[in-house]
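Heads up, the thing below is written out as structure tokens.
Numbering (the numbering used here), first residue to last: 17 to 177.
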């Protein structure tokens, strides 16, 4: 048997076992996480040891997200990040269930117009900025009081037309 192959397999196995638990004990919220990029992030965090709270504007999306059957520690909540009461409910569920919040992934975002940037109306730009910037920043402000040092925020919500 080729020793180099055995060495590579051993190293990659050792690296995977270390990497797979690097978020052990961390708690994350991922907005808009029942499909697409948000879903992939929500799936990857618990695979690396984190506990995750997923969210969507629609209850059926939260219920149908196929993360729990994979044995991942995931909770879910309906949350429209543009609504103060929904953001509060999401944070409250997270703190009640896990007692803390370490990671916030602001994935919820909209793109109200498709096509050339020069054909975008000011109303479309305003809607884009209001939702993608203001709501995500407000989500950070809402969560800030629950945080201490060394917490992480990820913004994925800025869309250009």
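By construction, the Cβ of each residue, glycine as well, lies at the ideal position given by its N, Cα and C atoms.
Could you tell me if residue i is buried or exposed, where buried requires 16 or more neighbouring beta carbons within 10 angstroms of its beta carbon?
i	result
residue 28	Below a pLDDT of 50, predicted positions are generally treated as unreliable, and residue 28, at 41, falls in that range; no measurement from the model is reported.
residue 151	buried
residue 68	buried
residue 44	buried
residue 160	exposed
residue 148	buried
residue 62	buried
residue 36	exposed
residue 81	buried
residue 138	exposed
residue 125	buried
Report yes if the CB atom of residue i is closer than 8 Å to the CB atom of residue j, and no otherwise.
i	j	result
residue 65	residue 83	no
residue 144	residue 97	no
residue 50	residue 123	no
residue 120	residue 169	yes
residue 129	residue 113	no
residue 106	residue 59	no
residue 42	residue 158	no
residue 111	residue 93	no
So which of the options has the shortest CA-CA distance to residue i?
i	options	result
residue 146	127, 134, 135 and 133	127
Exercise for the section: Take every Cβ of the segment 98-105, pair it with every Cβ of the segment 74-81, and state whether three or more of those distances are shorter than 8 Å. Expected result: no
Handout entry: Uninterrupted alpha helix (DSSP H) stretches inside the segment 87-128 (no shorter than 4 residues)
Key = 100-114
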